[in-house]
Amino acid sequence: MDDPLSPGATFLQAEAERRFPGGATVEARFEIPAPGFSVTVLFGPSGSGKTTVLRLLAGLERVDRGTIQVGGTCWSDAGRRIHLPPQARNLGFLPQAYHLFPHLSVAANLAYGLRGLDAAGRAARVDELLGLLDLEALGHRHPGELSGGQQQRVALGRALARRPRLLLLDEPLSALDRPSQLRLRQELRGLLRRLDLPTVLVTHDRAEALHLGDRLVVLDQGRVCQSGDIQQVFDRPTDPTVARILGVETVVRGRIESIVEGMATITVGSAQILAADPGSLGWNVFVCIRGEDVAVERRGGAGSGSGSTVRNRLPARITALHPEGSLVRVSLDAGFPLESLVTRQACADLSLAEGDPVCAVLKAAAIHLIPHD
Amino acid sequence: MDWQALRLSLELASLTTAALLVLGLPLAYWLAFSRQRWKFLVEAVVAMPLVLPPTVLGFYLLMAMGPRSPLGRAWEGLFGRTLPFSFEGLLIASVLYSLPFMIQPLAAAFASVDKGLIEASWCLGESRARTFLRVIAPLSWAGILTGLVLTFAHTLGEFGVVLMVGGNLPGRTRTVSIAIYDQVQAMDYAPAARTAALLLGVSFLVLAFTYALRRRQRKPWTIL
C-alpha cells in the first residue's frame, strides 16, 4: 500500500470515485507499485463494483471525484476536468464477454488496433500473436466458428496486440467450462509473466484470485475494504466483512517437499501436512482449508491410534474461541494459523479453553491446493 | 408511356437517396447514441412526415421556398431562378418527405450494435469516427440497405408533395405518379395502366431483393 521512500515512482495510483444516478458509488482506491509483471486482483461479490473500477481505469466511465495516475501520466482528474479517452490510454482491455468483432476474421480481429504499423508490420505482429496464443490454424476463421477457449485467446491476443502498458482483464475465464478454466489459469499467469505486463484482473472466484494474483483489492458495495499483498490480505483481513468475502477460514502459503503416490508433503509454517496432489503443481502453493474440515481432539485421546484414515494430526494450541451462531470458531496455532469450526456441543463436551494443547485433525482430501509460482 | 416522367422520377429518387444517405448517417448516429434530454423532440420532428398529410408539408415547403422567404431570396440571389416548381425544389421537398424512411432503419440498426464492440474498438485506439466506419456501419449493413431501398421506393411513389411544390411541368417536375394521375384525368387508361404496372413491378422487385439479401445476414460486407 504505502511506499514512503518514492511516492512518485508508483506505477498506478487510483484514488477515484464514480457516482451513479440513484446514489450508488463505486470507488477505485489502490495502487500498483511498479511497472513490470504483477497481477492485481479486484475481488468481491457480484455487484460490488469490480467491473466499474476496471471501466474507470479504461476510461469507459468518467471519474466524478479524485484522480487516476498511470506511469507518470494523469489519466483522470475530476478536479481539473481531465479525462483521457480510452483511445489515448494505451491499454489492453479484455471484456468479460470478449466482444470479438463478429464480421472480422481472427487475424483481422488481432490486427484491428494495429493501424499504426504498415501492412508487413501488421502481418508479422499477427503471426507472432497467433503463435503466442496457439491459434496458428485459426487465422481466417470468424469468431462465431470458435470454441469459448479459442475466443478467449483471440480476445486476449487482440488486447495484447498494441503492446499496452497496462492490461485489464474482466473475469477472463468465467465464460469457460471448468476444466478449461483450470488449464487456462496456469497458462495465463505464465503468459503474463513472460510479457512482463502489469495486469488488473477482476474475479469473484477465490481460487482464481489466489492462483493468478499477487496483490488483492477487496471490494464490497462499491467500497475498497482492503488492498495489499495477497497473502497479507488473506492472513489478516482488517474486518469481518473482508473475512466473509474471502470466504475460506485458512489460506496459507506452503511449499511442496515431495510427492509420493499422489500424496504431497507440504511445509506450512513450522508444520508439515499431507494433501492429495491435484497434479501439475509448481513448488509453491496456497493451502486452503475450510473450518468445517478441521476437527479438534484432546491430545492422546481416542482415535489417535493406527485405525484412522485421517492423514494429518497436528499438535496445536488454542489461541482464541469465538462463538458464531450454533458453531464455535476455534483459532489454533499448529505451526501456522489454522481456523476450525466446531459445534457448541462438541466444544462444551471437550471443555475447550484458550491456551489448551490439542490436536488438529485434517483429512488430506479436504486440503485444497492452489499453485502459486 | 411517359418515358420522360419515368426518367425524372428515377433521377429524383436516386438523388434523394444519395442526399439522405449523406445527411442520414450522422443524424441517425446522433439519434442512436446521444443522451441529450431533448432528443425526443428531434425524433418527433424526423417522424413528422409519416403522419402529416403531404399537402400540409407541401404547403409549408412552398411558403419556405417562395420569393418572399429568406431561403427563396437567397436561392434566387445565388442561382438567379426560383425554387418552387423546379427540380431542385422538388429534391429538397423529397429529402424532407422521405427523411424518416432513411433515418429510422439506420438509427435502429446503429442502436442495436452491441455497445461492448464499440468500447472494444475505442480501447484499441480507434476514434469514434473510425469505429463507426469499421464496426458500426459494417454490422448495420442490413439497416443501411433497408434505408436506401425504402427511401428510393418512397420517393418514386410520392405524389402530394410533388404536386404542391413541383406542379406538373413536363421534363422538370412531372414525375410518373403525376403522369398517371394526368392520364386518368384525361380518361387515357391504357398508358396509365402500363405505368402503374411498371411502378408496381419495380417496387416489388426492389423490396423482394432487399429482403432476400437480409435473409442471409450472416455474410456482412465491410466499408473498409
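Note that the protein sequences, when read in sequence, are chains A and B.
Under this note's numbering, the letters of the first sequence match residues 1 to 373, in that order.
Under this note's numbering, the letters of the second sequence match residues 1001 to 1224, in that order.
For every residue, glycine included, the Cβ atom is placed at its ideal position computed from N, Cα and C.
Here the structure is a predicted model, which is why all the values come from computation and not from measurement.
| Asked | Found |
| --- | --- |
| Measure the beta-carbon distance from residue 358/A to residue 287/A and round it to whole angstroms, keeping in mind my assumption that it falls under 8 angstroms. | Residue 358/A to residue 287/A, Cβ: 20 angstroms. No contact. |
| Thinking just about the alpha-carbon of each residue, which of 1075/B, 1206/B, 1177/B, 1126/B is nearest to the one in residue 1193/B? | 1177/B |
| Please compile the residues from chain A whose C-beta is within a distance smaller than 7 angstroms of the C-beta of residue 1135/B. | 101 |
| Is it the case that the region 89-100 of chain A contacts the region 165-175 of chain A, given that we only count it when at least three CB pairs across the two stretches are under 8 angstroms? | yes |
| Can the beta-carbon of residue 207/A be found less than 8 angstroms from the beta-carbon of residue 276/A? | no |
| With C-beta atoms as the reference, is residue 24/A less than 8 angstroms away from residue 16/A? | no |
| So which residues of chain A does residue 1125/B contact, with C-beta pairs closer than 7 angstroms? | 87, 113, 162 |
| Alpha carbon to alpha carbon, what distance is there between residue 39/A and residue 367/A? | 25 angstroms |
| Label residue 1189/B either buried or exposed according to how many other C-beta atoms from any shown protein chain fall within 10 Å of its C-beta, with 16 as the threshold for buried. | exposed |
| When the Cβ atoms of the region 1101-1116 of chain B are set against those of the region 342-350 of chain A, are three or more pairs found closer than 8 angstroms? | no |
| Which of the three DSSP states is assigned to residue 94/A in this structure? | strand |
| Does the beta carbon of residue 1117/B come closer than 8 angstroms to any beta carbon on chain A? | yes |
| Please classify residue 1102/B as buried or exposed, where buried requires at least 16 other C-beta atoms within 10 Å of its C-beta. | buried |
| Apart from the five residues just before and just after residue 197/A, which ones in its own chain have a Cβ nearer than 7 angstroms to its Cβ? | 37, 167 |
| Please specify which runs of the beta strand (DSSP E), each continuous and at least 3 residues long, are wholly inside the region 33-71 of chain A, giving them in chain order. | 38-43, 65-70 |
| For residue 1035/B, which of helix, strand or coil comes out of DSSP? | coil |
| Go ahead and label residue 26/A buried or exposed: buried means 16 or more other beta carbons lie within 10 angstroms of its beta carbon, across all protein chains shown. | buried |
| From the DSSP output, which residues share a beta bridge with residue 265/A? | 258/A, 274/A |
| Ignore the nearest five residues each way along the sequence and tell me which others in residue 1047/B's own chain have a CB closer than 7 angstroms to its CB. | 1100 |
| Using only alpha-carbon positions, find the residue among 163/A, 155/A, 134/A, 144/A that is nearest to residue 122/A. | 163/A |
| Looking at the structure shown, is residue 82/A part of a helix, part of a strand, or coil, going by DSSP? | strand |
| So residue 58/A contacts chain B; which residues on that side make the cut at Cβ distance below 9 angstroms? | 1119, 1122, 1123 |
| When DSSP labels each residue in this structure, what does residue 206/A get in the three-state scheme? | helix |
| Between the beta-carbon of residue 14/A and the beta-carbon of residue 68/A, is there less than 8 angstroms? | yes |
| Could you tell me the alpha carbon to alpha carbon distance between residue 1039/B and residue 1031/B, rounded to whole angstroms? | 7 angstroms |
| Looking at chain A, is there any beta carbon in it that lies within less than 8 angstroms of the beta carbon of residue 1148/B? | no |
| Which residue comes first and which comes last in the beta strand (DSSP E) that contains residue 340/A? | 337-343 |
| What in chain B is Cβ-close to residue 97/A, meaning under 7 angstroms? | 1116 |
| Contact criterion: CB-CB distance below 8 angstroms. Does residue 93/A meet it with respect to chain B? | yes |
| Starting from residue 315/A and walking both ways along the beta strand (DSSP E), at which residues does that stretch end? | 312-324 |
| Assuming contact is defined by CB atoms lying nearer than 8 angstroms, are residue 1142/B and residue 1214/B in contact in what I supplied? | yes |
| In terms of alpha-carbon separation, which member of 53/A, 338/A, 231/A lies closest to residue 200/A? | 53/A |
| Does the region 311-318 of chain A come close enough to the region 326-343 of chain A that 3 or more CB-CB pairs lie under 8 angstroms? | yes |
| Since residue 371/A and residue 204/A are thought to touch, with beta carbons under 8 angstroms apart, how far apart are those beta carbons, to the nearest angstrom? | With a Cβ gap of about 20 angstroms, residue 371/A and residue 204/A do not count as contacting. |
| Along chain A, in chain order, which residues have C-beta atoms closer than 8 angstroms to that of residue 1138/B? | 103 |
| What does the alpha-carbon distance come out to for the pair residue 1017/B and residue 1152/B? | 6 angstroms |
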